[in-house]
Ligand SMILES: Cc1cc2nc3c(=O)[nH]c(=O)nc-3n(C[C@H](O)[C@H](O)[C@H](O)COP(=O)(O)OP(=O)(O)OC[C@H]3O[C@@H](n4cnc5c(N)ncnc54)[C@H](O)[C@@H]3O)c2cc1C
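Numbering (my numbering), first residue to last: 2 to 477.
Written out as structure tokens, the structure reads:
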């Protein structure tokens with residue numbers, strides 16, 4: 002009997018459309034393994050909210066594999082190569098297969114593992130499984146990479162369509178199962194159980210991912226173009242954490258949209274182009290591995306940031322800025338591990354422009370508190386908001402959070418849900434309570450500075466200060 006093939010699972014915690022698993026199953030017995038090695042992620046290890054998700058996703062994957070007469074082997078080590086070599090020795094494995102990841106630290110580890118295993122005489126093979134297209138497949142005519150989304154997405158459409166998703170394979174078990182850790186033993190759950198609220202919002206795991214996709218395509222896809230910017234309406238898919246952990250592949254999402262009767266509607270095109278932004282983020286990170294820490298527009302390295310940062314940063318993190326739509330977003334993030342895309346842009350603009358706090362500090366907070374925290378999308382998003390990234394909003398376009406609230410939360414549903422102390426204010430005053438009359442505030446039970454904070458900054462003055470600061474680097 003041949004030794005088993007090890008399938009090294011990382012950001013592909015699923016059985017369906019998993020090219021490495023599918024290929025391994027065709028070779029003979031399969032040993033699915035997850036190796037917990039956070040040290041290998043360098044400065045960009047999974048944050049606390051992501052760790053909660055990972056804990057749940059591993060438990061779910063254990064169950065899914067058990068139902069297929071297989072198992073998930075969970076191991077811990079500082080060096081994945083050493084762990085794999087030990088496992089190969091213990092099980093007589095002949096091959097190690099995996100789906101590629103694209104974070105700079107992950108790429109380095111995978112290259113080293115592939116070269117070392119091949120030198121050991123082990124079959125080591127990697128597969129594309131987590132993007133519609135490999136980051137290097139989409140190229141400019143002169144062979145270079147893209148810095149703007151629209152030409153990137155257009156070039157991507159000129160390539161053959163993404164392959165049809167693979168079914169879950171039949172898994173033959175290995176002759177013996179080595180000892181495994183339980184997810185609890187990885188100690189992924191944050192010590193302070195602030196994640197309790199997540200449990201009622203999410204169903205991590207492959208089954209939850211497929212249910213969310215079905216519900217979205219059936220009920221929300223048709224209205225996506227009209228509703229996607231309204232945080233008070235359940236108008237987006239909320240697939241981002243499932244995609245991040247690979248419980249669902251983008252090819253499955255692509256195929257589900259194309260199989261629906263609406264695949265050529267405006268809504269479907271807009272939705273698929275959002276998947277395109279995810280692809281673009283990975284393309285940028287692949288070609289600019291410094292993107293999580295360094296502005297792509299190098300002039301911003303000299304930007305005159307505010308001198309006082311700690312206090313305002315904390316107030317922002319706690320959702321106590323006194324600016325209702327910003328506080329609503331930051332509280333949604335804390336309670337659910339997720340924030341609506343429109344509101345991510347609004348809270349980011351306030352932090353980096355009105356408060357002049359470096360985008361990297363916002364990126365770090367999101368990385369720790371978002372269940373979908375993803376190095377590529379998060380750093381691209383923050384550089385976009387700051388105006389220092391590829392295809393970014395120009396710096397001088399500073400969101401006015403009051404106008405944004407009035408436009409995208411016109412009946413105040415979102416602010417009332419997350420800032421209940423303002424719930425009784427009339428809608429006309431909800432996004433700028435400081436402009437309401439004393440009588441209106443009193444009737445709504447609001448005392449500014451007591452039941453709800455005074456605004457942390459004057460929006461007009463801080464906007465002007467931000468534009469003045471920008472002038473100092475503009476021609477640099
Ligand atoms: C400052 C900032 C930080 C962000 N950080 C992250 C992050 O860490 N992880 C993350 O997945 N997204 C991030 N985004 C992008 C976006 O906000 C989320 O992908 C989206 O809100 C997820 O909700 P959804 O699944 O309902 O999206 P939908 O609108 O249903 O979109 C479908 C999918 O497309 C992808 N997508 C949508 N918009 C974007 C985008 N602008 N950039 C990249 N991919 C996109 C996501 O995978 C999403 O699940 C960030 C955006 C900003 C402005």
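We put the CB at the ideal spot given by N, CA and C, even for glycine.
Please classify residue i: does DSSP put it in a helix, a strand, or coil?
i	result
residue 397	coil
residue 153	helix
residue 123	coil
residue 356	coil
residue 334	helix
residue 99	strand
residue 264	coil
residue 285	helix
residue 147	coil
residue 128	strand
residue 222	helix
residue 189	coil
residue 85	helix
residue 118	helix
residue 449	strand
residue 346	helix
residue 54	helix
residue 61	helix
residue 339	coil
residue 432	coil
residue 269	helix
residue 367	helix
residue 296	coil
Grab me the residues of residue i's own chain with a C-beta within less than 6 Å of its C-beta, minus the 5 sequence neighbours each way, in chain order.
i	result
residue 352	317, 358 and 363
residue 229	236 and 237
residue 37	77 and 187
residue 433	403
residue 420	325, 328 and 329
residue 463	355
residue 234	228
residue 115	125
residue 449	455
Could you pull out every residue in the same chain whose Cβ sits closer than 8 Å to the Cβ of residue i, ignoring the five residues on either side in sequence?
i	result
residue 302	295 and 296
residue 307	313, 356, 357 and 358
residue 258	218, 222, 264, 269, 272 and 273
residue 196	49, 50, 53, 190 and 338
If you follow the alpha helix (DSSP H) that residue i is part of, which residue opens it and which one closes it?
i	result
residue 228	225-228
residue 324	Segment: none, residue 324 is in no alpha helix (DSSP H) and carries neither H nor E.
residue 75	Residue 75 -> not in any alpha helix (DSSP H); beta strand (DSSP E) instead, spanning 74-77.
residue 383	376-387
residue 466	460-475
residue 403	402-409
residue 215	207-216
residue 23	20-28
residue 242	241-245
residue 442	439-444
residue 316	311-318
residue 419	414-419
Could you tell me the boundaries of the beta strand (DSSP E) in which residue i lies?
i	result
residue 35	31-37
residue 10	6-10
Could you give the C-beta distance for residue i and residue j, rounded to a whole number, given that I count them as a contact under 8 Å?
i	j	result
residue 374	residue 43	Not a contact, Cβ separation roughly 15 Å.
residue 33	residue 66	6 Å
residue 239	residue 339	7 Å
Give every residue of the same chain whose Cβ lies closer than 7 Å to the Cβ of residue i, excluding the five residues on either side of it in the sequence, and list them in chain order.
i	result
residue 397	468 and 471
residue 367	374 and 379
residue 3	29 and 95
residue 58	14, 205, 206, 246 and 248
residue 1	With the chain covering only 2 through 477, there is no way to say anything about residue 1.
Does any C-beta atom of chain B lie closer than 9 Å to the C-beta of residue i?
i	result
residue 201	Although the question refers to chain B, the structure presented lacks it and comprises just one protein chain.
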